[in-house]
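>
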Amino acid sequence: MIENALGIPILSILILIPLLGAGALFFFPNGQKEAIRSTAFGVALVNFVISLILLFYFDSSTYKMQFVEKAAWIPGIGVEYFLGMDGISLLLVLLTTFTSAIAILASWSAIEERVKEYMIHLLILEAGMIGVFVALDMILFFVFWEIGLIPMFFLIGVWGGPRKLYANIKFFLYTLFGSVFMLVGILALYYAHGTATGEYTFNLLKLYEVSYPYNLQWWVFLSFFLGFAIKVPVFPFHTWLPDAHVEAPTAGSVILAAVLLKMGTYGFVRFNLPLLADASRAFTPFILVLAVIGIIYGAFLAMAQKDIKKLVAYSSVSHLGAVMAGLFALNQQGIDGGVLQMINHGISTGGLFLVIGMIYERRHTRLISDFGGIARVMPVYSALVLIIVFSSIGLPGTNGFIGEILILMGLFKTSATATVLAATGVILGAAYMLWMTQRVVFGKITKRENLNLKDINAREVLTLLPIIGLIFWIGIYPKHFLSLSSASTARIAEIVERNAPKAERAERAAHVEGAAHHTDMNETGHAEAHGGTH
Amino acid sequence: MEFTFLIPLLPLLGATVNGVIGSKLTKRAVGLIACLVMGAAFLVSVATFYKLMLLPEAERSVVVSFFTWISSGAFSVDIAFLIDPLSALMILIVSGVGFLIHVYSTGYMHDDKAYWRYMCYLNLFVFFMLMLVLGSNYLVMFLGWEGVGLCSYLLIGFWYEKKAASDAGKKAFVVNRIGDFGFILGLFLLYWSLSDLGAASLDYKTVFENVHLIDPAILTLIGLLLFVGATGKSAQVPLYVWLPDAMEGPTPVSALIHAATMVTAGVYMVARNNALYSLIPHVGNIIASVGIFTALFAATMGLVQNDIKKVLAYSTVSQLGYMFAAVGVGAYTAGVFHLMTHAFFKGLMFLGSGSVIHAMGGEQDMRKMGGLHSHMKITSVTFIIGALAIAGMPPFSGFWSKDEILWEAFEKGHVVIWAVGLLTAGMTAFYMFRQVFMTFTGECRADDHTKHHLHESPSSMTVPLIILAVLSAIGGIIGIPFFEEGTAAHQFLNPVFGHGGHEVHAEAAGAGHGSLEFILMGVSVAVGLTGIFLASLLYYAPMKKYAPSFWRPESIASGFKGLHKLLFNKYYIDEIYDYLVVDPIKRFCDWCLSFDLGVIDWFVNFAAWFTRLTAWASHKFDIYIVDGLVNSMSTLVTYNSTIWRRLQTGYLQNYALVFVVGVLIIIVRVLLG
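Sequence order for the protein chains is Z and V.
With the working numbering as the guide, the letters of the first sequence map in order to residues 1 to 534.
With the working numbering as the guide, the letters of the second sequence map in order to residues 1001 to 1673.
Dropping the structure here:
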């Protein structure tokens, strides 16, 4: 069953295109590297364009799921093939398709071995990530979640650095460990919903409708927390991240930072907050403590690093702590900021990993002490690095500022103490990033190898330009992005802020709906209300 | 006044053009673009000013909104400008002085290979500075606030190959961020307090209309937090430490950013928030105390510096302290007036020092200068005009503005502030003329090579000097307090600062100051003259012979050895900060790293190891226990079978024997039974 303005299963197409592309690549002869690269990039680009088309048909005035597709999958136990997207999903899908294309572009000259297999893995990964963000059936979500792991495992394991085995197994098993708990939580909800309504289903929208007893919420929250927190990663589950980043090839790091980590924060905002509102409120102090520790501790760790990639990896711990703090501010400003900061972090940290990859390709080292004075030999590169660094430290005019200010603003209302501590992260962020920049980009050239470094070429500039563009676009006119998800974030904030029981909640929601001028998009809602599994 | 968007946009345009294609353009074109956009921005500012003045006084507050910038739920902020007398004055200063410094830079930076990058940054700075003063809400102000910090960082570290320069840039940025941290928290507190009152907004208008409803204790906190931001940006104690280091940047940058405009942003901010601060006079007292303490503290360090720019840097910190003392006691007009005259004379002096450094081939140590007057008359004369202005000599601009601050402090009952301000004024006159005498009079102490190359700077540099000298000389006109209706500055700024009803009357009443003011004026002129006189005894050759024996540089230095060392080493404040803040942070970083690897990651690895151990144990258990059990079963069976197998020999006679024996046993059993 397809319910959308386009009349075609657009979300399935988004997932299928990279898979088909991967399938097609399979038949390419190994030697035709250039053809393989171009095809892979073409596929990713087409997918990106299609995801852009979604923007035109997307109705941002509603939090309801759009472009919905539904088909029975395992009817016996109520598992469906059920896809749909709201503004939050849309932003993350756009981030995914964008990052995937950029990642392929960034692998052009970095990957020379087994190019075909590499590209196939990247495309399968893209499909898995998109699936995670559009799946509305919890089992389907879980399947996509796990699918994403496998190509990443190979990307690090085959094309990774010297300690790839250790890092890879750590990454894989750690995530897997968390997801087992998540599965238990999903099953608990499934039975709770079944007992309460007599209908056993993994349909997320139906699961939303039931108010679960507090005890159950508490345990399910904890199980989801383990699954998502490891992925984010929330302190103290973060130690796999620096290892994975350091060993992963550039594109792997870019995708890991830009998209894979967001699967964790997405999980919180999609499941924990709206499904388990009471438990979310109860867990808020606990999460804020971890988030704030993550912000400050991650920043201090970043400051102590000697390897640029590790520094950026730890800065991710800090930034994602801020995202978590924003989401668990439990008000619209915080959640808006958290969601936007997911995108921002994808752009700026993805960008940082890209520029690190470029310098690594030239010098085959990532030690800060091996550089210095690069601005003289690579002026264009250095200018772009500076812009990305400024975005990362949240300077006004760049995207990072908007996310940061909304997060802190929302957080302040919930906890002034947490805000004071989180805001110190802003100072520390400036300190370690500028210190790194100073040691790498500025100063005199002290190493002879750096004297003949070539500035970045046209392809590399092309890789970075969209990122620079987005940095300023979001920084100057964030409305285009904020307004996409605002209906959903408002809805989530409303659910989680309210202490009222669910029945009343549904009633009030219906009232709001009646008052609002929903026209065609209401069909989705009706389809949801009446088109159950029966 | 929609056209006001051009004011910041023009410099931004210049920055963009020079930033993107500047490296391919000729220096002439780059300079032309940068100066043209600044000139145009200045003209638009003049037009804005003019249009504002055409409005009746009560309506001189125009908000021009362009688009919604950030919006989330009930929170919404526009990119919007507020045109009122305060912002109109500020854009005139910023674009006007900015334009002159751009022109000057075309001469000063002409031989630099990254000329285009310099012009790009300088334009960008002006853009952010104009956003800061034009914004009609706190967030646009904050955009400019952080943006000027960024440009300051880029320009201080402009000669990035020099470690001291990039260190100084980073220090400036990080210290500023500490201030911004307070500022932003103040904004949040302000916003949510207003939100609770149903007036959630960060627009000045809404905020100032409702600010009196906020609980005074919270308002105090807000006022203090915002002031923390000001101490960072405007280099006040304890966050002033970045400004002296910032002198590593090119000298026109020091003139524009670290004297005339950016560092005054904090003063502007407090003046802009006069509606807020007039509700919490006790915070005003704190501001004034910090300000006047900074003024004195920085002046003491200025007494002994030998670097021509460092003297000016400390004097800037000191003069900024004056401005805070003024706005702190509620004399907003006086503070803003001094901000303006300071922009003229300190901009002038920095540019003059640049001209000197230019002529000296980069030398900044005043001990190696001397007698430069004969080589560069324009620079010398204009510099001395600046020095007279800052020393508070009538009728130069600094006299009027400084005196108004002192007078208002005295009149409002802050006698201590007045006294310390007076002492500082004396010290200022002293070290400024120490500088003048060391640089321009006496024998030239430079080496022959330098001496040979001494020359006056090109007209692109001297013309701005002359214009600024004229402004420094006569810029005080708007603050001459001898008219019945108060000073022109008061009249002009009244719509902005006229919030607290009685305050207006007090200031208006201050117009007819009376004889006490003349007496105080005389006192401060006398103090200034004394400072100049004492300096001349030490450093001006024709006067040296009149100096008593204890008043010679050597004897003072030896007599107050400890004090001199303390001052010369800037009270060791940098070292103390390093020891108390920077080093512990570095140590803590390393500690975190070992904690992360040694504890947290250890647990993860331990879990993995433990899993493997369990696996190994299971393996062994499987082999020896589970499988062992199975195997022992079979062994048992085998063993048993070997026993029982003996029975099954396959020989018939054995079976027959057993059979017979068995039958016999049965028979016997039956018979006996």
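All residues carry an ideal CB built from backbone N, CA and C; glycine is no exception.
Can you tell me which of the three DSSP states residue 1498 of chain V falls into?
coil
> Per DSSP, residue 1062 of chain V is paired with what?
V:1083
> Distance check for residue 220 of chain Z and residue 288 of chain Z, CA to CA, integer angstroms please.
19 Å
> Give a yes or no on whether the minimum CB-CB distance between residue 32 of chain Z and chain V is below 8 Å.
no
> Taking residue 406 of chain Z as the query, report the chain V residues whose CB atoms sit under 9 Å from its CB, ordered along the chain.
1070, 1072 and 1075
> Among the residues of its own chain, which have a CB less than 8 Å from the CB of residue 391 of chain Z, if the five just before and after it don't count?
344, 347, 348, 351, 398, 399, 400, 471 and 475
> Which residues bound the beta strand (DSSP E) around residue 81 of chain Z?
79-85
> Would a check of beta-carbon distances place residue 1147 of chain V closer than 8 Å to chain Z?
yes
> Among Z:162, Z:97 and Z:432, which residue has its Cα nearest to the Cα of residue 132 of chain Z?
Z:97
> Indicate the three-state DSSP secondary structure (helix, strand or coil) for residue 522 of chain Z in the structure shown.
Residue placement at residue 522 of chain Z cannot be trusted, given a pLDDT of 40 that sits under 50; what the coordinates show is reported in the next sentence. If DSSP states are grouped into helix, strand and coil, residue 522 of chain Z belongs with the helices.
> Less than 8 Å between the C-beta atoms of residue 373 of chain Z and residue 443 of chain Z, yes or no?
yes
> What number of angstroms, rounded off, separates the C-alpha of residue 423 of chain Z from the C-alpha of residue 408 of chain Z?
7 Å
> Where do the N-terminal and C-terminal ends of the beta strand (DSSP E) with residue 108 of chain Z fall, by residue?
Here residue 108 of chain Z belongs to no beta strand (DSSP E), and DSSP marks it neither H nor E.
> Rounded to the nearest angstrom, what separates residue 123 of chain Z and residue 325 of chain Z at their Cα positions?
32 Å
> So that I know if they touch, is there some Cβ in chain Z lying closer than 8 Å to that of residue 1600 of chain V?
yes
> With 16 other CB atoms within 10 Å as the buried threshold, where does residue 1434 of chain V fall?
Around the beta carbon of residue 1434 of chain V, a 10 Å sphere encloses 16 or more other beta carbons of the protein chains shown; the residue is thus reported as buried.
> Which stretch, first to last residue, makes up the beta strand (DSSP E) that contains residue 67 of chain Z?
Per DSSP, residue 67 of chain Z is one residue of the beta strand (DSSP E) stretching across 66-74.
> So is residue 1589 of chain V in contact with chain Z if we call contact Cβ pairs under 8 Å?
Yes, residue 1589 of chain V counts as interfacial toward chain Z.
> What does the alpha-carbon distance come out to for the pair residue 314 of chain Z and residue 245 of chain Z?
Approximately 10 Å between the Cα atoms of the pair.
> Would you mind giving the Cβ-Cβ distance between residue 8 of chain Z and residue 46 of chain Z, rounded to the nearest angstrom? I have them listed as a contact below 8 Å.
That pair is no contact at about 15 Å.
> Around the C-beta of residue 396 of chain Z, are 16 or more other C-beta atoms found within 10 angstroms, so that it is buried, or is it exposed?
buried
> So what does DSSP say about residue 503 of chain Z, is it helix, strand or coil?
Bear in mind that the predicted position of residue 503 of chain Z carries a pLDDT of just 43, short of 50, making it unreliable; the figure below should be weighed with that in mind. Residue 503 of chain Z falls in the helix class under three-state DSSP.
> When DSSP builds the beta bridges, which residues end up paired with residue 367 of chain Z?
Z:307
> Across the segment 184-198 of chain Z and the segment 154-173 of chain Z, are there enough close Cβ pairs to call them in contact, namely three or more that are closer than 8 Å?
no
> Identify, in the order they occur along the chain, each residue of the same chain with its Cβ nearer than 6 Å to the Cβ of residue 216 of chain Z, setting aside the five sequence neighbours on each side.
The residues are 192.
> Of all Cβ atoms in chain Z, is any one closer than 8 Å to the Cβ of residue 1157 of chain V?
yes
> Let's see if you can read the secondary structure: which residues bound the alpha helix (DSSP H) around residue 228 of chain Z?
214-231
> Using three-state DSSP, classify residue 1135 of chain V as helix, strand or coil.
Of the three classes helix, strand and coil, the one that applies to residue 1135 of chain V here is strand, per DSSP.
> Quick one: residues in its chain with C-beta nearer than 7 Å to the C-beta of residue 184 of chain Z, no 5 flanking neighbours on either side, listed in chain order?
223
> Is the beta carbon of residue 126 of chain Z sitting closer than 8 Å to the one on residue 100 of chain Z?
In terms of Cβ geometry, residue 126 of chain Z and residue 100 of chain Z form a close pair [threshold 8 Å].
> Going by beta carbon distance, what residues of the same chain come within less than 8 Å of residue 490 of chain Z, once the five residues before and after it are set aside?
63 and 332
> For a contact meaning CB atoms closer than 8 Å, what does residue 292 of chain Z contact in chain V?
Those do not exist, as residue 292 of chain Z stays about 14 Å from chain V at its closest Cβ, beyond 8 Å.
> Does DSSP put residue 250 of chain Z in a helix, in a strand, or in coil?
helix
> Is residue 397 of chain Z close to chain V, meaning its C-beta is less than 8 Å from at least one C-beta of that chain?
yes
> Please list, in chain order, all residues of the same chain as residue 1445 of chain V whose beta carbon is under 6 Å from its beta carbon, the five residues on each side excluded.
1368 and 1370
> Return the bridge partner residues of residue 137 of chain Z from the DSSP annotation.
Z:203
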